[in-house]
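One structure is given here, and the rest of the page talks about it.
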Amino acid sequence: MEYGDGTTWNHTNNYGNCVEWTDNGTHRFLVTNGIPDYYVNPYCPIGLGFGYCLEEEVRNGMCFFSNLTCGDDNGPGSGKYGDFPVARKDFLIIPLKGNPTRPDRPGDPYDAETVGAAKSSGAANGVAINGITILGPNDAGDMTIDSAGFQLACGGHVTPPLDNDHVSGPFAGAPHYHYHKPATCLEPMREMS
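Sequential numbering of the sequence shown, starting at -19, is according to my numbering.
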């Protein structure tokens, strides 16, 4: 399958997941469309008909999408039953050999450049074998996924649909799927249980 710019994708399932892994001997290169290789139900973090933030986040000014209601037409990736991932082209460049003894470690987990890496998804601090990015446990604000009580089937979810007139800046964009917890739907994880 070709993306349109000459990138050839490895499309091996019926859900739309496309990922290409290559390496040059020093770095591993990943190009992905960010769609999981399994079915994902529409998602509303708090519930259909509710917003995307906990009351505490709104009170503390940590809600970047307080004017959105899940289930409304909020632009691409939103639907009446919740939000769903929209394909986008992401890349990651990862050194094949790390150096855990560097004197400047530990460092910022989001800073790819200081370890000789690069990425197009700013919040990502890892990537799973299916090309889905991995974010930290509390990247959506000042609470962890567990303390907020969010249910994450397969360890991941889509971001709110922010590709509309209501939101601008670094959080803008159509919903993309990512993990915060172990990706329990991936075949190697299923084999371990």
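We put the CB at the ideal spot given by N, CA and C, even for glycine.
When you compare each of Glu167, Lys99, Ala67, Arg39 to Tyr157 by their alpha carbons, which one comes out closest?
Ala67
List in chain order: all unbroken beta strand (DSSP E) runs of 3+ residues lying wholly within the segment 37 to 117.
70 to 75
Test item: CB-CB of Val107 and Leu72 under 8 Å:
yes
Quick check: Ala128 and Leu34, are their CB atoms within less than 8 Å of each other?
yes
Cα separation between Asp97 and Ile74?
Contrary to the premise, residue 97 reads as Ala rather than Asp in this sequence. Approximately 5 Å between the Cα atoms of the pair.
In three-state terms, what does DSSP make of Cys165?
coil
Inter-residue Cα distance where the pair is Pro155 and Leu166
21 Å
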